[in-house]
Amino acid sequence: MPETVGDVQVLEFRLEDRNYCIDIAHVDEIVDKEELTPLPNSAPRVEGVMDLRGTTTTIINPKTVLDLDETETGDRVVVLESDGEGNVGWLIDAVNQVVGVDPDAVDESVENESVRGIVRQDDGFVVWVKPEQINA
1453 MPETVGDVQV
1463 LEFRLEDRNY
1473 CIDIAHVDEI
1483 VDKEELTPLP
1493 NSAPRVEGVM
1503 DLRGTTTTII
1513 NPKTVLDLDE
1523 TETGDRVVVL
1533 ESDGEGNVGW
1543 LIDAVNQVVG
1553 VDPDAVDESV
1563 ENESVRGIVR
1573 QDDGFVVWVK
1583 PEQINA
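Under my numbering, the first residue of the sequence shown carries the number 1453, and numbering increases by one thereafter.
Take a look at the structure:
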């Protein structure tokens, strides 16, 4: 997909056999999953916490929020920009690429509380998710 002026950079990643993306502006870094400490009585989407360079980071499983059947546990963590409420990371299966997306080309007819829209690509669709809803 050629990049044009006005494109938004998105991080494309895989959950199970589907591709998803988020605006790269929300991403702080990508790290390997380390040992997680479970949090008793936490929401089902919370896998636990991990130490990230001395900072406690809450690890969320977006598969739970997006209601995906889970056949594998991801081994990568996308750490999101902190909003002052503490660090949050998403447990994902794989990082695909960073690409430019024309916001006008996003199909928003499928938008819901956790999905911004669909990005069409040559080999299928990429679901653009809203990080604030996955983290909520």
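Glycine residues also receive a C-beta, built at the ideal position from the N, C-alpha and C atoms.
From residue i to residue j, what distance separates their C-alpha atoms?
i, j, result
"Asn1539", "Glu1481", "11 Å"
"Arg1470", "Glu1464", "10 Å"
"Thr1507", "Leu1532", "13 Å"
"Ile1474", "Val1462", "5 Å"
"Asn1587", "Ile1476", "16 Å"
"Glu1563", "Val1571", "12 Å"
"Gln1585", "Glu1468", "20 Å"
Relative to the C-alpha of residue i, which candidate in the options has its C-alpha closest?
i, options, result
"Glu1487", "Asp1475, Val1567, Asp1556 and Gly1500", "Gly1500"
"Lys1582", "Gly1569, Gln1573 and Asp1574", "Gly1569"
Apply the 10 Å Cβ neighbour rule to residue i and answer buried if 16 or more other Cβ atoms are within range, or exposed otherwise.
i, result
"Thr1509", "buried"
Tell me the residue span of the beta strand (DSSP E) that contains residue i.
i, result
"Pro1586", "The amino acid occupying residue 1586 in the given sequence is Ile; Pro does not appear at that position. First-last for Ile1586: Pro1583 to Asn1587, but that is the alpha helix (DSSP H), not the beta strand (DSSP E)."
"Gly1500", "Val1498 to Leu1504"
"Asn1493", "Element bounds for Asn1493: n/a, residue is neither H nor E."
Would you kindly report the start and end of the unbroken alpha helix (DSSP H) that includes residue i?
i, result
"Val1517", "Pro1514 to Val1517"
Across which residues does DSSP place residue i in a beta bridge pair?
i, result
"Leu1488", "Answer by DSSP bridge pairing: none, since Leu1488 is not bridged."
"Leu1463", "Ile1474 and Val1550"
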